[in-house]
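**Q**
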Amino acid sequence: MAMSRANDAVAAALQEYAELFALDGGDAFRVRSYQRAAKAIAGHPEEVTPENVRAVPGVGEAIARKVEEFLRRGGFRQLDELRARVPEGVRRLVRVPSLGPKTALVLFHEYGIDSPEALAEAIRAGRLTGRKGFGPKTLANLLAGVEHLLEAGSQVHLGVATGLADRVAAALREAPGAGRVAVAGALRRGAETIAEVELLATAADPAALVAVLRGLPYLAEVAEEEPGTASARAADGPRVRLRVVPEESWGAALLAATGSAAHLARLRALAAERGWTLTGQGLYDGGRPLAAATEEEVYAALGMPWVPPELREDAGEVEAALRGGLPRLVTLEDLRGDLHTHTDLTDGVASLEEMVAAAARRGHAYYAVTDHAPDLVMQRMTLEKALAQRERLRRLQAARPGMRLLHGTELNIGPDGSVDWPAEILAGFDVCVASVHSHFTQSPAEMTRRLIAACENPEVHVIGHPTTRKIGKRPPVEADWDAVFRAAARTGTAMEIDSYPDRADLPSDLVRLARRHGVKFAIDSDAHAVPHLAFQRFGVGIARRAGLTPDDVINCWPPERLLAFLRRPGA
DNA sequence: GCCGTTTTCGGCCCGACTGTTTTCAGTCG
Numbered sequence: 008m009a010m011s012r013a014n015d016a017v018a019a020a021l022q023e024y025a026e027l028f029a030l031d032g033g034d035a036f037r038v039r040s041y042q043r044a045a046k047a048i049a050g051h052p053e054e055v056t057p058e059n060v061r062a063v064p065g066v067g068e069a070i071a072r073k074v075e076e077f078l079r080r081g082g083f084r085q086l087d088e089l090r091a092r093v094p095e096g097v098r099r100l101v102r103v104p105s106l107g108p109k110t111a112l113v114l115f116h117e118y119g120i121d122s123p124e125a126l127a128e129a130i131r132a133g134r135l136t137g138r139k140g141f142g143p144k145t146l147a148n149l150l151a152g153v154e155h156l157l158e159a160g161s162q163v164h165l166g167v168a169t170g171l172a173d174r175v176a177a178a179l180r181e182a183p184g185a186g187r188v189a190v191a192g193a194l195r196r197g198a199e200t201i202a203e204v205e206l207l208a209t210a211a212d213p214a215a216l217v218a219v220l221r222g223l224p225y226l227a228e229v230a231e232e233e234p235g236t237a238s239a240r241a242a243d244g245p246r247v248r249l250r251v252v253p254e255e256s257w258g259a260a261l262l263a264a265t266g267s268a269a270h271l272a273r274l275r276a277l278a279a280e281r282g283w284t285l286t287g288q289g290l291y292d293g294g295r296p297l298a299a300a301t302e303e304e305v306y307a308a309l310g311m312p313w314v315p316p317e318l319r320e321d322a323g324e325v326e327a328a329l330r331g332g333l334p335r336l337v338t339l340e341d342l343r344g345d346l347h348t349h350t351d352l353t354d355g356v357a358s359l360e361e362m363v364a365a366a367a368r369r370g371h372a373y374y375a376v377t378d379h380a381p382d383l384v385m386q387r388m389t390l391e392k393a394l395a396q397r398e399r400l401r402r403l404q405a406a407r408p409g410m411r412l413l414h415g416t417e418l419n420i421g422p423d424g425s426v427d428w429p430a431e432i433l434a435g436f437d438v439c440v441a442s443v444h445s446h447f448t449q450s451p452a453e454m455t456r457r458l459i460a461a462c463e464n465p466e467v468h469v470i471g472h473p474t475t476r477k478i479g480k481r482p483p484v485e486a487d488w489d490a491v492f493r494a495a496a497r498t499g500t501a502m503e504i505d506s507y508p509d510r511a512d513l514p515s516d517l518v519r520l521a522r523r524h525g526v527k528f529a530i531d532s533d534a535h536a537v538p539h540l541a542f543q544r545f546g547v548g549i550a551r552r553a554g555l556t557p558d559d560v561i562n563c564w565p566p567e568r569l570l571a572f573l574r575r576p577g578a
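Count along the first sequence starting at 1, add 7, and that's the number in this note's numbering.
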């Protein structure tokens, strides 16, 4: 499913406005209004227009007018005014964990601190020591938070990088004389965080492509380093690099631009054993070219089949390829369903009916609705609401014989590993996902016991987003993952690969570890809106990086096998 | 700023945790 770009841009502008409004001391309820509208527009399945935006829930007259102006000229007056009043670095301050708008306001207005860097300097220089509200522990936490933030640098998650790459690639394809355009680098390898979006192209006139980059409003510092090679910086983060190469060496160039450095080093060593050299131009025996036009030819000349980009990390894939033992990696088409999704009964933005219809359009054989459970109090879930939803789902099932609808829930794993409802209630759900949503800072020993206890609960089928990390916002929880995965394998509890791009959880290195323990996986969207159902592509990328096959993934299985795994064979 | 089975004003998702406070403000999910 294609993302509707206008919606994403409008939502980003409203979200920025909400943040700036809060940082300018604006009323908290109005801040929430802008945030709610941004979330609703981002999750709205239709492309927003001046005519239909007023119908989006949470959008009233005032926001509709702002959206209208934004669609006309890419901005609105009130946003321009706030941008002029609140420096960009102050907005970055609230990315520091535990630092919210109120604190940022004090830091900026009373101390002139206008960036995370300036905050670190002020703390180190003792300028905040003794200030009411800033005790020694608070200062130490803030300093650690800033350092964590700056370490992450301009890395962005897959969702942001993919959106940026798609937009730039589409623009390049429109250029006169453009030939091929492909995404390479870490993004092609499916990495969960991206520092640089690398694009490769062929063109009759390389300068025309560089000119396209210069014309894109969301790229800055466009520099042509040599003819046909350019780099730029995207407005909100990563660098963009474009390389225009000759058609005849496309394969060698794509291989070189995709990496990883370690994988390429292995290939070069293999070439060297034969007295050959491998470069971005081709594979050569002295001056004689052996292969260059396609990646397949280059790999074949080195004695192996084409290696999927997600495996190119020098983690054993070269040896496996040489002996013909590459795994049959899971693909998006192998997925037969989704086992973790939300609706507007809790924090989703689409109704049950809309989500089910969208799932059917994706061709799923089964689809689970797993709204939040009561212990996450702000969601205001009750057993009565869950049972009423189950009845609605059963009625929808009658009209959709081609897709099995599963009524599930996303439980909360409490500090001691217990979950929201007793066993007799849980037994009424077709699928129970259990996730950590609180108490993130337990000791590793406590967190390990907690996750193992959840695995040992016979009603729990899947551990949702196991590390609970949020890329760029919250570090993963600390646990003895070997012990957790042993428990998961022993109890037949699947680990989730949550595909939501800022989660990407489990990350691929932990998937690899879990698989060695014999754990099975669920690749879920964790969708909170119709467009989010497409996030599963990111989870598939993580699974492929870990070498997973369809047999490792419970939602690749036929319905009967899945239901047996869920211990609901009669469902 | 949005919204209406409280319907054009007066509410707005609720409670725990943290570090600081000596009774609470800010942040988070």
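Note that beta-carbon positions come from the ideal geometry of N, C-alpha and C, so glycine has one too.
Only a predicted model underlies this, so the values are computations on that prediction, with no experimental measurement involved.
Out of curiosity, what's the CA-to-CA distance linking Glu466 and Arg575?
**A** The sequence position of residue 466 within the first sequence is 459, counting from 1. The sequence position of residue 575 within the first sequence is 568, counting from 1. Going by the C-alpha atoms only, they are around 11 Å apart.
**Q** Between Pro312 and the rest of its own chain, which residues show a CB-CB distance below 7 Å, the 5 nearest in sequence each way excluded?
**A** Numbered from its first residue, the first sequence carries residue 312 at position 305. So the qualifying residues of the chain are Tyr306, Ala328, Leu333.
**Q** Just to confirm the assignment, what range does the alpha helix (DSSP H) spanning Leu226 have?
**A** As a working note, residue 226 is residue 219 in the first sequence. Run containing Leu226: none in the alpha helix (DSSP H); it sits in the beta strand (DSSP E), 226-233.
**Q** Could you tell me the alpha carbon to alpha carbon distance between Met10 and Phe572, rounded to whole angstroms?
**A** Position 3 of the first sequence, counting from 1, holds the residue named residue 10. Position 565 of the first sequence, counting from 1, holds the residue named residue 572. Low confidence applies here, because Met10 scores a pLDDT of 48, under 50, leaving its location unreliable and the question unanswered by this model.
**Q** What is the DSSP secondary structure of Val217, counted as helix, strand or coil?
**A** Within the first sequence, numbered from 1, the residue matching residue 217 stands at position 210. Three-state DSSP puts Val217 in a helix.
**Q** Taking the beta carbon of His116 as the centre, do at least 16 other beta carbons fall within 10 Å, making it buried, or is it exposed?
**A** Taking the first residue of the first sequence as position 1, residue 116 is located at position 109. The residue in question, His116, is exposed, as its Cβ has fewer than 16 Cβ neighbours within 10 Å.
**Q** Quick check on the burial criterion: 16 or more other C-beta atoms within 10 angstroms. Buried or exposed for Thr348?
**A** In the first sequence, residue 348 corresponds to position 341, counting from 1. So Thr348 ends up on the buried side.
**Q** Which runs of the beta strand (DSSP E) at least 3 residues long sit entirely within the segment 377-419? Give them in chain order.
**A** You should have 411-419.
**Q** How big is the Cα-Cα spacing for Val376 and Glu417?
**A** One-based indexing of the first sequence puts residue 376 at position 369. One-based indexing of the first sequence puts residue 417 at position 410. Distance between the alpha carbons of Val376 and Glu417 is about 9 Å.
**Q** Determine, using beta carbons only, whether Pro213 and Pro234 come nearer to each other than 8 Å.
**A** Residue mapping note: residue 213 aligns to position 206 of the first sequence, counting from 1. Residue mapping note: residue 234 aligns to position 227 of the first sequence, counting from 1. Closer than 8 Å, so yes.
**Q** On the CB-based measure, 16 or more other CB atoms within 10 Å of its CB, does Glu199 come out buried or exposed?
**A** Working through the first sequence from its first residue, we reach residue 199 at position 192. The residue is buried, with at least 16 neighbouring Cβ atoms inside 10 Å.
**Q** Between which two residues does the beta strand (DSSP E) harbouring Met502 extend?
**A** Position 495 of the first sequence, counted from the first residue, corresponds to residue 502. Looking at the DSSP string, the run of the beta strand (DSSP E) that includes Met502 is 501-505.
**Q** Between the C-alpha atoms of Asp461 and Glu391, what's the straight-line distance to the nearest angstrom?
**A** For the purposes of this step, residue 461 is taken as the residue at position 454 of the first sequence. For the purposes of this step, residue 391 is taken as the residue at position 384 of the first sequence. Correcting the residue identity first, residue 461 is Ala in this sequence and not Asp. So the two alpha carbons sit approximately 24 Å from each other.
**Q** Exposed or buried, Lys527, counting other C-beta atoms within 10 Å across all chains shown (16 or more means buried)?
**A** For the purposes of this step, residue 527 is taken as residue 520 along the first sequence, with counting starting at 1. Burial call: buried.
**Q** Return the CA-CA distance between Glu361 and Pro104, expressed in angstroms with no decimal places.
**A** Walking along the first sequence from the start, residue 361 turns up at place 354. Walking along the first sequence from the start, residue 104 turns up at place 97. Rounded to the nearest angstrom, the two C-alpha atoms are 35 Å apart.
**Q** Could you say which of Leu157, Ala534, Arg240 lies nearest to Asp378 if we only look at CA atoms?
**A** Start at 1 with the first residue of the first sequence, and residue 378 comes out as number 371. Among Leu157, Ala534, Arg240, the Cα nearest to that of Asp378 belongs to Ala534.
**Q** CB-CB under 6 Å to Met8, same chain, minus the five flanking residues each way: which ones, in chain order?
**A** Taking the first residue of the first sequence as position 1, residue 8 is located at position 1. Interpretation of Met8 is limited by its pLDDT of 35, a score under 50 that renders its predicted location unreliable; the figure taken from the coordinates is listed afterwards. Ala541.
**Q** Counting pairs of beta carbons, one from the segment 506-515 and one from the segment 163-174, are three or more of them closer than 8 Å?
**A** Enough Cβ pairs lie closer than 8 Å, so yes.
**Q** Specify the secondary structure class of Ser267 as computed by DSSP and reduced to three states.
**A** Along the first sequence, read from residue 1 onward, the residue named residue 267 stands at position 260. Coil, per DSSP.
**Q** Using only CA atoms, which one of Val363, Ala29, Val217 lies nearest to Ala111?
**A** Numbered from its first residue, the first sequence carries residue 111 at position 104. Taking only the C-alpha atoms, the option nearest Ala111 is Ala29.
**Q** Taking only three categories from DSSP, how would you classify Arg240?
**A** Within the first sequence, numbered from 1, the residue matching residue 240 stands at position 233. DSSP places Arg240 in strand when its eight states are reduced to three.
**Q** Rounded to whole angstroms, what's the CA-CA distance from Thr56 to Ala357? Just pull it up for me.
**A** Taking the first residue of the first sequence as 1, we reach residue 56 at position 49. Taking the first residue of the first sequence as 1, we reach residue 357 at position 350. Looking at the two C-alpha atoms, the distance is approximately 19 Å.
**Q** Nearest CA to the CA of Arg195: which residue from Thr475, Arg39, Asp173, Ala405?
**A** The residue labelled residue 195 in the question sits at position 188 within the first sequence. Of the listed residues, the one whose Cα sits closest to Arg195 is Asp173.
**Q** Cβ of Glu317 versus every heavy atom of the ligand MG: is any distance shorter than 7 Å?
**A** Among the components of this structure there are no ligands whatsoever, and the ligand MG is therefore not found.
**Q** Taking the continuous beta strand (DSSP E) assigned at Gly186, which residues delimit it?
**A** For the purposes of this step, residue 186 is taken as the residue at position 179 of the first sequence. Segment 185-190, the beta strand (DSSP E) holding Gly186.
**Q** Give me, in chain order, the residues of the same chain whose beta-carbon lies closer than 8 Å to that of Arg579; leave out the 5 immediate sequence neighbours on both sides.
**A** In the structure as shown, the chain begins at 8 and stops at 578. Residue 579 is therefore absent and cannot be evaluated.
**Q** Identify every run of the alpha helix (DSSP H) within the segment 104-185, keeping only runs that are complete inside it and at least 4 residues long; order them along the chain.
**A** Here the runs fully enclosed are 108-118, 123-131, 143-159, 165-180.
**Q** Helix or strand or just coil, what does DSSP make of Val101?
**A** The count along the first sequence starts at 1 and reaches residue 101 at position 94. Note: Val101 maps to coil in three-state DSSP.
**Q** Could you check where the beta strand (DSSP E) with Ser40 kicks off and where it finishes?
**A** Counting from 1 along the first sequence, the entry for residue 40 is found at position 33. Ser40 -> not in any beta strand (DSSP E); alpha helix (DSSP H) instead, spanning 35-49.
**Q** Run the CB neighbour count on Thr448, radius 10 Å, all protein chains shown included, and call it buried at 16 or more, exposed below.
**A** Residue 448 sits at position 441 when you count from the first residue of the first sequence. The residue is exposed, with fewer than 16 neighbouring Cβ atoms inside 10 Å.
**Q** Do Asn14 and Ala49 have their beta-carbon atoms positioned less than 8 Å apart in this structure?
**A** As a first step, residue 49 is located in the first sequence; it is residue number 42 there, counting from the start. As a first step, residue 14 is located in the first sequence; it is residue number 7 there, counting from the start. Yes, these two residues count as a Cβ contact at 8 Å.
**Q** Report yes if the CB atom of Gly65 is closer than 8 Å to the CB atom of Ala91, and no otherwise.
**A** Numbered from its first residue, the first sequence carries residue 65 at position 58. Numbered from its first residue, the first sequence carries residue 91 at position 84. Taking 8 Å as the Cβ cut-off, Gly65 and Ala91 do not qualify as a contacting pair.
**Q** According to the Cβ coordinates, are Ala210 and Val251 closer than 8 Å?
**A** Here residue 210 corresponds to residue number 203 of the first sequence, with the count starting at 1. Here residue 251 corresponds to residue number 244 of the first sequence, with the count starting at 1. Yes, the pair counts as a contact, with Cβ atoms nearer than the cut-off.
**Q** Return the residue from the list Glu485, Gly32, Thr353 that minimises the CA-CA distance to Ala380.
**A** As a first step, residue 380 is located in the first sequence; it is residue number 373 there, counting from the start. When each option's Cα is compared against that of Ala380, the closest is Thr353.
**Q** Are the CB atoms of Glu366 and Arg343 nearer to each other than 8 Å?
**A** Translated into positions along the first sequence, residue 366 becomes position 359. Translated into positions along the first sequence, residue 343 becomes position 336. The sequence shown places Ala at residue 366, not Glu. In this structure, Arg343 does not lie closer than 8 Å to Ala366 by Cβ.
**Q** Based on the DSSP output, what are the partners of Asp292 in its beta bridges?
**A** Position 285 of the first sequence holds residue 292. Answer by DSSP bridge pairing, in chain order: Arg295.
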